[in-house]
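Notes follow once the structure below has been shown.
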Amino acid sequence: MTDNEARLMSAVLEYEEGHRRRTEHILAVYALSQLLGFRHSLPEDQKRLLSAAAILHDIAIKTCKEKYGDACLENQKRELPRLIRRFMEKAGYRGDCIAPVTYLALNHHGYDSRGGIIMDILMQADLTVNALEEGKGDIPCPGIFESSGQWLLDICRKAGGK
Ligand SMILES: [Fe+2]
């Protein structure tokens, strides 16, 4: 974990105030993203973007629930850019990192989007954690899983939610 990541993770965990599901989700997606990033031998600059996106990808949920009473994707997309900029600037990220992380967060549910390997890893980590949380065997878009992601998903689904 880099210094910026540690600052970012600390700020996000404080922001979530121990909300159990969201806190566990952030930690799990971050961890699985790191693992898949390692297995793909991502270069350092891509690892940093992936890690920041993993920490921030659902950051708008809390604000949307409070502001609109609804954290639908449309509302999240409205709030994400501002929140991501605020958290990343405060954690000390370079300005040119903000746009790619915002793009990743905005599009990680668009399973047909072509965001490259970082987007693929973020989507696979998020879907795998969702499958673990929900204890379900089915995932919405199995086609996006490549060999490392499939290996991880299979492990995480082995117990079938038990
Ligand atoms: Fe997520």
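Just so we're aligned, residue 20 is where the sequence shown starts under our numbering, counting upward by one.
Cβ atoms here follow ideal geometry from the backbone N, Cα and C, with glycine treated the same way.
Buried or exposed: where does L92 fall if 16 or more other Cβ atoms within 10 Å of its Cβ makes it buried? exposed
Regarding V31 and ligand 1, is the C-beta to nearest heavy atom distance less than 7 Å? no
With distances taken from CA atoms, which of A144, R176, I158 and D157 is nearest A47? A144
Compute the Euclidean distance between the alpha carbons of V148 and K86, then round it to the nearest angstrom. 26 Å
Which complete alpha helix (DSSP H) runs does the region 93-154 hold, if anything under 4 residues is left out? 117-126 and 135-153
Distance, F164 Cα to H38 Cα: 29 Å
Going by DSSP in three states, E35 sits in which element: helix, strand or coil? helix
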